[in-house]
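As you go down the protein sequences, you meet chains A and B in turn.
Here the numbering used here is used: position 465 in the first sequence is 448, and no number is missing along the way.
Here the numbering used here is used: position 41 in the second sequence is 24, and no number is missing along the way.
Even for Gly, the Cβ is constructed at its ideal location relative to N, Cα and C.
Note that this is a predicted model, so its numbers are computed, not measured.
Accompanying notes for the structure given below.
Protein chains: 2
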Amino acid sequence: MDNKQFVTQIADIEQNFAQWYTDVVLKTELVDYGPVKGTMVIRPYGYAIWENIQKDMDSRFKQVGVKNAYFPLLIPMSYFSKEAEHVEGFAPEVAVVTHAGGAKLEEPLAIRPTSETIIGTMYSKWIQSYRDLPVLINQWCNVMRWEKTTRPFLRTSEFLWQEGHTVHASEEEAMEETIKMLNLYREFAEETLAIPVLTGRKTEKEKFAGAKATFGMEAMMLDGKSLQAGTSHYFGQNFAEAFNIKFLGKNGALQYGYTTSWGTSTRLIGAVIMAHGDARGLVLPPRIAPIQVVIVPVAAHKGGVIEKANEIKDALVAKGIRAFVDERDMSPGWKFNEWEMKGVPVRVEIGPRDIENNVAMVARRDNLEKVPLSLDGFADTITALLDTVQKAMFEKSKKNRDARIVEADSLEGILQGVDNKNFVRANWCGCRECEDKVKEYAQATARVIDENATADGVCAICGKPAKHKVFFARAY
Amino acid sequence: MDNKQFVTQIADIEQNFAQWYTDVVLKTELVDYGPVKGTMVIRPYGYAIWENIQKDMDSRFKQVGVKNAYFPLLIPMSYFSKEAEHVEGFAPEVAVVTHAGGAKLEEPLAIRPTSETIIGTMYSKWIQSYRDLPVLINQWCNVMRWEKTTRPFLRTSEFLWQEGHTVHASEEEAMEETIKMLNLYREFAEETLAIPVLTGRKTEKEKFAGAKATFGMEAMMLDGKSLQAGTSHYFGQNFAEAFNIKFLGKNGALQYGYTTSWGTSTRLIGAVIMAHGDARGLVLPPRIAPIQVVIVPVAAHKGGVIEKANEIKDALVAKGIRAFVDERDMSPGWKFNEWEMKGVPVRVEIGPRDIENNVAMVARRDNLEKVPLSLDGFADTITALLDTVQKAMFEKSKKNRDARIVEADSLEGILQGVDNKNFVRANWCGCRECEDKVKEYAQATARVIDENATADGVCAICGKPAKHKVFFARAY
């Protein structure tokens, strides 16, 4: 099978990005559709990416004092009603258990769409005094939101995520935590996923149901649409009042705590696919690639080739590299194409002549360059190369993202900007009506407020004095 | 607070083991009750044990070629009916989603009690040829079985577990996998949890719903009851036929695969508590202890004590030891008691006089011995000590277990044996009626068949020729 045949397995990335995405996630065996509408099966190749994401992010959490725990899946429906905006936001999407153990339940139970309510209930029991604060707990779990339109990783009825929930003695400390976790997400996205993000406060319209303030990180996808890749919420005392989370302060007075929550999900895998992919398929950043280096023996039947391939693999594995020798009975060309489609960052080709010359051919997935490299100190060379690839992917992605930020001072300008696949930065008065107009006219939404910039004129939509500069974009 | 006060917080382990267990799991903050009956919240100290269990067991899985994946939580109810015994076994315990997204569902959905049916459905789609075999997939997830009587970790409506599901081309290979995973579990229990186990085939009465054969591992708890700590099932072609898992064999014929499944759960935490605990509370094996070494400064206000404590901690952490300095403003005695209750394997006490003498007092939780040890090469000393403690805990537990195996040749003898908190090994004819009689007369069940022994006489219950030697015990 030649390269062309392989490429024709997946739709043209320029012509039909949505189909390209679907083809890639299915054909690389990241994912499959589950039998219940809107559900996905995360297959081993996809789940290994999630494991690498978890491991990296979890160690960042632990470095800032967050501990993991596990709270129940099922939440009494009545809990949602305790916070008015929260129930309005989530009730329509909830899956409900009405029967269990062969009998009808007295109270229907929701499968968690998010866990503020049940975690808040436990916190009210655990927290007595300022000495118990801060509480910094995270859980890795499955959640369920019944969605009408679903796509693997991007929007599914069940997905995997982490949700952190913290309680603090003061507003300042809670807000500081909210921003700290937003920045942790940004660093993770940039350093580990090689994806540059815009971070900032969400508008009132776009914030989380029940939050005082939501901060988000937005990543530009190759089709010009933005993907919300993580959020961090400051609740003030909203949930503390609804769930009676009180503590005896240093001053001897009983008072409500200040809470936050923050989450990222398997959606991050979708972000990686759509930020880095190309016509041939996946391009995975080394830090999360299940296989970082694939070694393909050439003329494998010749004496010593398989042995040399495995010797190279062992040397790489000893350096902590996830390496794999593809010994299957297929042509090298077929294998090259398959591993390109699967996005393996570095491919090593080794044949009898290479062995003679003490080199191996080394191909980078990100820029498709292929060069012979000496087998002396090969594992160190490859370690450095993986680091180079990781950084190059970020730089390329950042360059692309930076070129996709334009300014506009009119509704028409916003439309043109998003039509041209950009983030459009515009002055905004702060009112909901103007956001609605942008949605109607340009099918775009306010992604985040640019907190590094000051409004310097009038609202691009209504012409009244501007309060903020906002990034508008079409979004997933 | 003196030691006595602490101990009186938890019930007497000799007088009321059940209450001791409940007190220990709640007061050490391993767990709390969730708001929905039968659910538990796994608190950070308990979840950290689970994380250590996962990390260790998962690396063992990966060493034998098993990969992780994730399958949906919700399973169409109709799937259970495809395997007759399976539906009979699980339907009564299932929690059912009838409504979602604000509407009634066309078909009710079960929250997975186990995933053979949905995984089988996906396997039938993925497997075409013998080249696709074996399939060796595991998932770490939550499952739900609606139980009437529940206890934290031991039996809860929702619990966390891993379930491995494999498909093979032949009966021999599938049976080999079943036994290989049983042995992996046994090694894990013995090496990591320091718990000796009896392994063997389950009787027909006790096997998994839908299996051709179930193999289990049983651990003796301090109260003389056995705990089933893991199972491995051989399904033959039962599930392959029910879910149409077929492959084109090397011989060119289309044939059904042979499947297995194997699982362990958060129940393992209950096993650790009840196999190693004592009057003062938890005794945790070093390999899974969230904190392996707690360092308690004595006369902490004196210059240099806190600094030395942290210096010791840093040296331990550098060796990969999970160490913690307890700097809280409480008396050393109070801290000693608390960390004993929480089962921390090694406690280091460091005060001004110790520093002068270049020693630290080192107390072992498992045997309560306390000795001064030189601070020279201290991290190496402690590394070796943790290993010693791990081994000593296993040896002690094994000695206890071995002393709890007795023989009986009558129903009365079985009753006496289990009354005296033993595994009772007896000849057995192999019939269900005799198992039922043991259950009625002695409130005991057949735990596993002793596959290392040959029946050598008549059934202890009915007097007919014996087929097997079986271990009977009261059980959780």
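Asked                                                                                                                    : Found
Status (buried if at least 16 other CB within 10 Å, exposed otherwise) for residue 75 of chain B                         : exposed
Residues sharing a beta bridge with residue 23 of chain A, DSSP                                                          : A:16
is_contact[residue 456 of chain A, chain B] using C-beta, thresh 8 Å                                                     : no
Stretch pair the stretch 49 to 57 of chain B + the stretch 256 to 265 of chain B: three plus CB contacts closer than 8 Å : no
Per DSSP, the bridge partner or partners of residue 245 of chain B                                                       : B:147 and B:215
Under 9 Å from the C-beta of residue 261 of chain A: neighbouring residues of chain B                                    : Simply none; closest approach about 26 Å.
Three-state secondary structure assigned by DSSP to residue 225 of chain B                                               : helix
Cutoff 8 Å: residue 303 of chain B Cβ touching any chain A Cβ                                                            : no
Interface flag, residue 296 of chain A vs chain B, CB-CB below 8 Å                                                       : no
Interface flag, residue 461 of chain B vs chain A, CB-CB below 8 Å                                                       : In the structure as shown, chain B begins at -16 and stops at 459. Residue 461 of chain B is therefore absent and cannot be evaluated.
Simplified DSSP assignment, three categories, for residue 122 of chain B                                                 : strand
Three or more C-beta pairs below 8 Å linking the stretch 361 to 369 of chain B and the stretch 409 to 417 of chain B     : no
Same chain, Cβ closer than 6 Å to residue -15 of chain A, five either side skipped, listed in chain order                : Because the pLDDT of residue -15 of chain A is 46, which lies under 50, any placement of that residue in the model is unreliable, and the number read from its coordinates should be weighed accordingly. Taken in chain order, the list of residues that qualify is empty.
Same chain only: Cβ atoms within 6 Å of residue 142 of chain A, ignoring 5 sequence neighbours per side                  : 248 and 249
For residue 269 of chain B, the nearest candidate out of B:393, B:294, B:222 and B:371 (CA to CA)                        : B:371
Neighbour-count burial assignment, residue 4 of chain B, 16 or more Cβ in a 10 Å radius                                  : buried
Beta-carbon neighbours of residue 233 of chain B, restricted to chain A and to distances below 8 Å                       : Correct list: empty, because the minimum Cβ distance to chain A is about 14 Å.
Neighbour flag for residue 19 of chain A against chain B, beta carbons, 8 Å                                              : yes
Collapsed DSSP secondary structure at residue 289 of chain B in the structure displayed                                  : helix
Residue 186 of chain A in three-state terms, based on DSSP                                                               : coil
Residue 327 of chain A versus residue 272 of chain A: straight-line alpha-carbon distance, rounded                       : 7 Å
Nearest to residue 378 of chain A (by Cα), restricted to the options A:180, A:101, A:284 and A:-1                        : A:180
Cβ neighbours of residue 332 of chain B in the same chain (closer than 6 Å, five flanking residues each side left out)   : 279, 281 and 344
Length-filtered (4 minimum) alpha helix (DSSP H) runs lying within the stretch 258 to 323 of chain A                     : 288 to 301
Those residues which DSSP pairs with residue 76 of chain A across a bridge                                               : None; residue 76 of chain A has no bridge partner.
CB contact check: residue 306 of chain B to chain E, cutoff 8 Å                                                          : Absent from the structure is chain E; the protein chains it does hold are A and B.
Under 8 Å by beta carbon: chain A residues contacting residue 50 of chain B                                              : 27, 30 and 31
Short CB-CB distance (under 8 Å) between residue 55 of chain A and chain B                                               : yes
Ordered list of alpha helix (DSSP H) runs contained in the stretch 405 to 431 of chain B, each at least 4 residues       : 415 to 425
Cβ of residue 6 of chain B within 8 Å of any chain A Cβ                                                                  : no
Under 8 Å between C-beta atoms of residue 355 of chain B and residue 101 of chain A                                      : no
Nearest-angstrom Cβ-Cβ length linking residue 226 of chain A and residue 65 of chain A, presumed shorter than 8 Å        : 6 Å
Residue-chain proximity (residue 272 of chain A, chain B), Cβ-Cβ < 8 Å                                                   : no
Short-range partners of chain A found in the stretch 221 to 254 of chain B, where Cβ spacing is below 9 Å                : 249
Residue 148 of chain B and residue 160 of chain B closer than 8 Å at C-beta                                              : no
C-alpha distance - residue 318 of chain B paired with residue 114 of chain A, whole-angstrom precision                   : 16 Å
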